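Trainee:
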Amino acid sequence: MESNQAWEDALTEIESLYPNQQKVALENTYGMHLYTKLDVESLKVHYFISDDLPSIEACLYTEDGVKFTFFGVHPPPPSPSEEDTSRERDGELLALGKRVLATESPVIVVGDFNNVAWAKSSILFRKTSQLLDPRIGRGFVSTFHAKYRLLRFPIDLCFHSPNIFIQDFKTLGNIGSDHLPLFCNFFINEKEHMKEDEVETLNTDEEEEVEEMIEDGNEEDGDRPAVASE
């Protein structure tokens, strides 16, 4: 997350350890790099709302040969130094949610959402994607700001399909970033859907609202210069 060409150059030393990679080096704090040892069926970069806001989709296989899809995301926050409104962030999340819903394999979505799990757009994302929030029953698992324990919020989020089972979900120690690392250990059992009754879906009014928010996000002009297209 937030990786540029300098980060990409520095990370060359781990490429032999993590041979499968997807690199999107950007200088606008929205670059993204994925490195994995897992077998890969496909790697793809999406630009759902803007040509400089990438999301990574990786179709992977566990060590046991079970296929699943990983999405890495980082929509922009509304702030004086970023964007005037949350339209791009919300549109990005909800467009991603529709993509997730159309994905046939088990899915896990992780990233800096720049949004808390109980915010309206996060709830709409969860309902649109029909994923589950592993924080439920585990507390806030707050990640930002790493420096301030009493002023820390859960904006680095994770959502998963009901046939993905979370064994451990927690923050790790400070590594010098303003975000704490997020650790998630999970397994996939496609024969059991024990948590399907916990999945929430959109009602008709919410479906219309989601479409409007995606359209608003597409129409929003960010303050960042155009740097990529795919």
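Start counting the sequence shown at 1; every next residue gets the next number (the UniProt record's numbering).
Idealized CB from N, CA, C, for every residue including glycine.
Nothing here was measured: the structure is a model prediction, and the numbers come from that model.
If you check the beta carbons only, do G97 and F71 fall under 8 Å apart?
Mentor: No, these two residues do not count as a Cβ contact at 8 Å.
Trainee: Would you identify the three-state DSSP class for S81, choosing helix, strand or coil?
Mentor: With a pLDDT of only 48 at S81, under 50, the local geometry of the prediction cannot be trusted, and no value is derived from it.
Trainee: Report buried or exposed for N185, applying the criterion of at least 16 other Cβ atoms within 10 angstroms of its Cβ.
Mentor: Flag for N185 reads exposed.
Trainee: Determine the DSSP secondary structure at D52, reduced to helix, strand or coil.
Mentor: Reduced to three states, the DSSP call for D52 is coil.
Trainee: Could you name each continuous beta strand (DSSP E) segment of 3 residues or more that falls completely within the segment 17 to 42, going from the start of the chain to the end?
Mentor: Qualifying beta strand (DSSP E) stretches, in chain order: 20 to 24 and 32 to 36.
Trainee: Our contact map puts T69 next to L38 with C-beta atoms below 8 Å; I'd like the distance itself, whole angstroms only.
Mentor: Not quite, the Cβ-Cβ distance comes to about 12 Å (not below 8 Å), so this is no contact.
Trainee: So, do the segment 140 to 159 and the segment 188 to 199 have three or more beta carbon pairs nearer to each other than 8 Å?
Mentor: Counting Cβ pairs under 8 Å, fewer than three are found: no touch.
Trainee: Return helix, strand or coil for Q130, following the three-state DSSP convention.
Mentor: Three-state DSSP puts Q130 in coil, outside helix and strand.
Trainee: Which of the three DSSP states is assigned to P125 in this structure?
Mentor: The sequence shown places Phe at residue 125, not Pro. In the structure shown, F125 sits in a helix (DSSP, three-state: H, G or I).
Trainee: Within the same chain, show all residues whose beta-carbon is closer than 7 Å to that of V100, passing over the 5 residues directly before and after it, in chain order.
Mentor: Contacts found: F71, V107, V109, S129 and L131.
Trainee: Sort E13, T143 and D112 by Cα distance to I56 and report the nearest one.
Mentor: Ranking the options by Cα distance to I56, first place goes to D112.
Trainee: Out of curiosity, what's the CA-to-CA distance linking E88 and N28?
Mentor: The alpha-carbon atoms of E88 and N28 are separated by roughly 15 Å.
Trainee: Could you work out which residue in L60, A25 and A119 is closest to P77 when comparing CA atoms only?
Mentor: Nearest option by C-alpha distance: A119.
Trainee: With a Cβ-Cβ cutoff of 8 Å, do A117 and R135 count as a contact?
Mentor: Cβ distance < 8 Å, so A117 and R135 count as in contact.
Trainee: In whole angstroms, what is the alpha-carbon distance linking Q21 and F183?
Mentor: Cα-Cα distance, rounded: 20 Å.
Trainee: What's the gap between the Cα of D90 and the Cα of S42?
Mentor: C-alpha separation (whole angstroms): 26 Å.
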